[in-house]
Amino acid sequence: MQLNAVAVHDLTLAVLPGMIERKAGGILISGSAAGNSPIPYNATYAATKAFVNTFSESLRGELRGSGVHVTVLAPGPVRTELPDASEASLVEKLVPDFLWISTEHTARVSLNALERNKMRVVPGLTSKAMSVASQYAPRAIVAPIVGAFYKRLGGS
33 MQLNAVAVHD
43 LTLAVLPGMI
53 ERKAGGILIS
63 GSAAGNSPIP
73 YNATYAATKA
83 FVNTFSESLR
93 GELRGSGVHV
103 TVLAPGPVRT
113 ELPDASEASL
123 VEKLVPDFLW
133 ISTEHTARVS
143 LNALERNKMR
153 VVPGLTSKAM
163 SVASQYAPRA
173 IVAPIVGAFY
183 KRLGGS
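Residue numbers for the sequence shown follow the numbering used here, beginning at 33 and rising by one.
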């Protein structure tokens with residue numbers, strides 16, 4: 033909660049006054065596709081990312097015309113390095129390789145979106161699918177499916 037919500041809020045508000053004064057700047061905030069719908073067995077994460085997504089998009093509206101851009105990044109699983117098979121987490125074992133995106137790809141598309149003043153950047157197949165599902169599928173259908181996956185991951 034502190035890292036995913038409070039720190040994002042406080043750090044953003046700390047850098048904002050200087051950007052507003054300069055009438056220029058960009059804030060890229062790491063949200064998540066997980067913040068778009070309820071996720072049983074991962075409720076706190078989903079709730080904090082819902083805060084981050086909404087905070088980012090609301091702040092963007094407040095800053096319209098100020099010269100300060102706000103973009104929220106909503107990635108799926110990002111692989112920082114290829115894990116040794118014996119040390120791989122349950123997530124790394126269950127999520128197929130083709131669904132992971134690299135840090136390099138994530139950084140490139142995120143900075144490009146911020147430069148183009150996009151409201152949201154959604155890199156990766158997994159996050160795109162989660163975003164579409166959360167927009168069009170009823171929560172009563174999505175939540176049990178996603179919850180079953182997270183329960184399998186060891187959620188509590």
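Where is the CB? At the ideal position from N, CA and C, for every residue including glycine.
Option in the options with minimal Cα separation from residue i
i, options, result
"G156", "V47, A106 and S88", "A106"
"I133", "A145, F83 and K160", "K160"
"S98", "N149, N74, V127 and N68", "N149"
"A56", "P128, L95, S142 and I173", "L95"
"S142", "Y77, F181, G63 and V38", "G63"
"T158", "P128, T44 and P176", "P128"
"V110", "E89, H137 and E147", "H137"
"E89", "G108, H41 and V178", "H41"
"Q167", "G67, R140, L48 and L35", "G67"
C-alpha gap between residue i and residue j, whole angstroms
i, j, result
"T80", "R54", "30 Å"
"N85", "F130", "25 Å"
"K183", "Y73", "6 Å"
"E113", "M151", "28 Å"
"A46", "R171", "35 Å"
Whole-number beta carbon distance between residue j and residue i, since they are thought to touch under 8 Å
i, j, result
"V104", "I61", "5 Å"
"H101", "G58", "4 Å"
"S69", "V174", "5 Å"
"S163", "A65", "5 Å"
"A37", "F83", "5 Å"
Terminal residues of the alpha helix (DSSP H) in which residue i lies
i, result
"L95", "A75 to L95"
"L146", "T135 to E147"
Chain-order list of residues whose beta-carbon lies under 6 Å from that of residue i (same chain, five-residue window excluded)
i, result
"L91", "V102"
"G179", "P72 and Y73"
Neighbourhood of residue i by C-beta distance below 7 Å, restricted to the same chain and skipping five residues each side
i, result
"I52", "S98 and V100"
"A145", "T103 and V153"
Terminal residues of the beta strand (DSSP E) in which residue i lies
i, result
"S62", "G57 to S62"
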